[in-house]
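In our numbering, the protein residues as written are 101 to 299.
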């Protein structure tokens, strides 16, 4: 983190981003610890509690802060201006991950996903829970679009990179766990979307 901070400061100037980058890592680790505690205790939280922690454990805030600090020197102002976009982007990352990995995690006995939390809380089937999670994702996209359209053009140029984190979550998890199980389909999607030129 110190090396990254020095490089950002060298390229962008201004005060050191190190305290902010360290704090976002601390928050990420604490969120993972909460999930580990739930798992160790066999606790399945409410969906609200899960999402309150899960948007941070998704790594969305961590990725977003690195993107913002790496692209602009008005980083703190932009982070505060775009808190809602960062939150909803992170929520989409978490929920797309859950949709893609929930079945395998349930079979392995891993920590509960949003789907499992909602199934237990509302006593509904997995299909109903998945539909509910999808509605939360769609609502988050609406909120991202609303807040994005209220930004200045210069801020939109930076924040589109944050929003792309949520788009990438769709690519990685639309057919299962494309991050943890890197099969041919995931590899093809990454190549098509990120590497191969558009002709």
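We put the beta carbon where it would ideally sit given N, CA and C, even for glycine.
Keep in mind the model is a prediction, meaning the values are calculated, not measured.
Beta carbon of residue i nearer than 8 Å to that of residue j
i, j, result
"residue 172", "residue 178", "yes"
"residue 135", "residue 157", "yes"
"residue 167", "residue 262", "yes"
"residue 186", "residue 269", "no"
"residue 259", "residue 182", "yes"
Close-in-space but distant-in-sequence residues of the same chain around residue i (CB under 8 Å, 5 per side omitted)
i, result
"residue 215", "198, 199, 202, 226, 229, 230, 233"
"residue 128", "156, 157, 159, 161, 162"
"residue 176", "120"
"residue 255", "178, 181, 182"
First and last residue of the uninterrupted alpha helix (DSSP H) at residue i
i, result
"residue 167", "160–171"
"residue 129", "118–141"
"residue 219", "214–222"
"residue 291", "Counting along the chain, residue 291 falls outside any alpha helix (DSSP H), and DSSP gives it neither H nor E."
"residue 211", "Looking at the DSSP string, residue 211 is not in any alpha helix (DSSP H), and its letter there is neither H nor E."
"residue 154", "147–157"
"residue 254", "253–273"
"residue 105", "102–112"
"residue 244", "226–249"
"residue 179", "175–181"
Among the options, the one whose alpha carbon lies nearest that of residue i
i, options, result
"residue 265", "241, 123, 181", "241"
"residue 272", "292, 255, 212, 113", "292"
"residue 236", "211, 255, 189, 260", "189"
"residue 196", "123, 267, 288", "267"
"residue 208", "259, 260, 257, 139", "139"
"residue 154", "182, 191, 141, 133", "191"
"residue 151", "251, 295, 223, 131", "131"
"residue 213", "249, 142, 110, 257", "142"
"residue 137", "247, 223, 288, 210", "210"
Other residues of its chain near residue i: CB distance less than 7 Å, five sequence neighbours each side excluded
i, result
"residue 108", "117, 169, 170"
"residue 220", "144"
"residue 165", "120, 121, 124, 179"
"residue 113", "173"
"residue 102", "118"
"residue 243", "184, 188"
Residues near residue i in its chain [Cβ-Cβ closer than 6 Å; skip 5 each side]
i, result
"residue 218", "147, 229, 232"
"residue 247", "184, 185"
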